[in-house]
Structure formats: C-alpha cells, structure tokens
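Take the sequence shown: its position 311, counted from the start at 1, is 311 in the numbering used here, and no numbers get skipped.
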Amino acid sequence: MSDNAVLVTGAAGFIGFHVSQQLLSAGRNVVGLDVVNDYYDPRLKEARLDVLKRQSGFTFLKLDLANRAATKSLFEQHHFSTVIHLAAQAGVRYSLQNPHAYVDANIEGFINVLEGCRHNDCKHLLFASSSSVYGANTKLPFSVQDNVDHPISLYAASKKANELMAHAYSHLYRIPSTGLRFFTVYGPWGRPDMAMFIFAKAIVEGTRIKLFNHGNMRRDFTFVDDVSEAIVRLLDRPPQGNPKWSGDEPDPATSTAPWKIYNIGNNNPEEIKYVVSLLEKEFGRTATKEMLPMQPGDVPATYADIEDLARETGFRPTTTIEEGVARFAKWYRDYHNL
C-alpha cells in the first residue's frame, strides 16, 4: 500500500463508492473502510466493494469507527495525509426510531476520526455533513452563510455536531477541515432507503408510492458523479483560514481556523411529483400514489446556494434531472436484471 493513500470511510456506501472510483481512476491509491452493517441490504454494499476490489490501488478494511482502539491503531499504522470521512448512520426518518445508532456512528465514530487526524499529522480532513442541518430555515436557497441552529431531526443535529467538533479541532490543533453539506444525492448504485430507489422499486413492483406533503416536496436532487467531482476538486484545496473573519460578525461558513463549509448541491430544486413522472416514463409504468401529510423531521423544500463551491473550484453540477434519472433507471434495470 502506498504511503500517499487517501482514506475513504464509508467506502461501501453510495457516495463513498463513487468517490473511491473517481480517485482510483485519477491514479490515487485508496484505503476504503466500512463496517458493512445491515441498515440496508448488505448485498448492495458487497456488490459495490466487489467493483472496487477489482481495481489496482484499492485496499479494503472492515472496521467500526466507533471502536476507539481499532481506529487509533488504523491511523497510527497508516498516517493518512488526506481523509474523506463519509461513514455515518444516514437517514432522517430512521433517526426517529433508533437514535442511539446516530450517537454511536456520527458522534463516537467522528471523535475517533478527529483524534486519529490530530495525532497522525493529517493535512486535510473532508467530512460529510448534510443539507438537513438547515432544519427549520425557510429562506431559499440555503446558504452556508445562514445560521443553522434549529435542526428538526437527530440526524441533522448529529451532522451539525460534526461541523462544530471539526471546528474545535481545527481551532485547537490546526487540522484543515472541510465540511460537505450534501443535497439529496442520487444516481447509479444509490441507497434503497432514498426516494429515487424507493420510487423505482414501487413502480417496477406495482406497489404504492407514499408522497408526503401531498407530492409538493421539492428537493435539490444532485447527481452522484457531480458530488464526487466536487469532492475530488476540494481534496487538494485544504482551507487556510479566513483572515477577514470577525467574532463581531461571525461568518458561519469560515473561521480564522483552517475550517470551511460548502454546500454540495445542484442549485436547482425539482418537485417530487415531476421526478416520479420521469421514473414512470423510464420504466413504462404508472405509479400508484398515496398522498400523505408532512412527516416529522421533513422539510418542504431544499435548495443549495453553491456560489462558494463554484468560486473556489470552478465547478458547477452539469447533470440535468432528466439525464440523471435516465442513468439511474438504466443501472436499476441492469442491477436487478429487469
């Protein structure tokens, strides 16, 4: 294994898989880490890993980051200069049923990663946050300059906590840290607990689709290739600290410490009803729809302001929802042998 390997935690996960793919195709060595739990069908995670393991430069380690001793040993062994931390307990609705899973994975796991970075000279930590941190905010588009102190799910609170924990370590130990607020990521190899996959499965099987807020939800659907492109571009741009930052008028997205937050979104929200209609067209079937009120922990709309990301990296997402849904549907048919 090369000394310059990038650590990607959550490599068997949806975004982790695609980021690992992109790094490998750019000639980087990747140590992919995952606990491969059963939050959703582990066979999908294993299938993603099979694809990665066939590529040179990829090493897989099965490890639970909440295991303090094992995580400490991992960092001492490899001294990763770059860490992309995507492992987390995901899902807003599941956090209503199993809150402790979020504390174990997203708080315990993250403090162990921060300690690993602190003691082993990490040059850049990129970590997954979420658009859910915007919580009860209603001003659209959501900007990283907005205050985000009103999360409405434990999942969101755990992601906001990650941003704060990373800032404390960045301030105290000068660890360059970049937080990534993802907006409704979708695409091939997607998660079965996310809307795109749930809708596709229901359309194919002829079961009922639950449309919350009577189908009037709007989401900033972001194609996974655009997400991984943004992450790879940020990889070699560790934050330097903002010399103009002032405690009198604090900018929530930057700091005097080498810490920065970005929205990773499409900057173009779509109505859920329209996304369902695109899937109906792709699969040649009409969905059976059940209109329901808003769910606890949900927000009616997400919409990312991505000006900071565009300015820093020159990158803007290019995949339209029509193209992205078509590519997802093709993968879905291939994966399920339809």
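Glycine included, each C-beta is placed from N, C-alpha and C at the ideal position.
In this structure, the alpha-carbon of Phe60 lies about 39 Å from that of Pro300.
Residues of the same chain with a CB within less than 7 Å of the CB of Tyr335, apart from the 5 flanking positions on each side, do not exist. Val8 is a Cβ neighbour of Ile84, given a cutoff of 8 Å.
Going by C-alpha positions, Leu63 is about 22 Å away from Ala161. Straight across, the Cα-Cα distance linking Glu163 with Gln89 is about 16 Å. The C-beta of Arg191 has 16 or more other C-beta atoms within 10 Å across all chains shown, which makes the residue buried. When C-beta atoms of the segment 216-223 are compared with those of the segment 269-280, three or more pairs fall below 8 Å, so the two segments count as touching. Considered as a whole, the segment 72-110 harbours 94-97, 99-102 as its complete alpha helix (DSSP H) runs of no fewer than 4 residues, in chain order. Taking a contact as a CB-CB distance under 8 Å, the pair Ala166 and Gly135 does not count as one, their CB atoms being some 19 Å apart. The C-alpha of Lys244 is placed about 38 Å away from the C-alpha of Gly13. Judged by their CB atoms, Val113 and Leu65 are nearer to each other than the 8 Å cut-off. By the Cβ-count criterion, Lys159 is buried, with 16 or more other Cβ atoms from all chains shown falling within 10 Å of its own Cβ. Within the same chain, and ignoring the five residues on either side of Arg233 in sequence, the residues whose Cβ sits closer than 6 Å to its Cβ are Thr313, Phe315.
DSSP, reduced to helix, strand and coil, places Gly215 within a helical segment of the structure shown.
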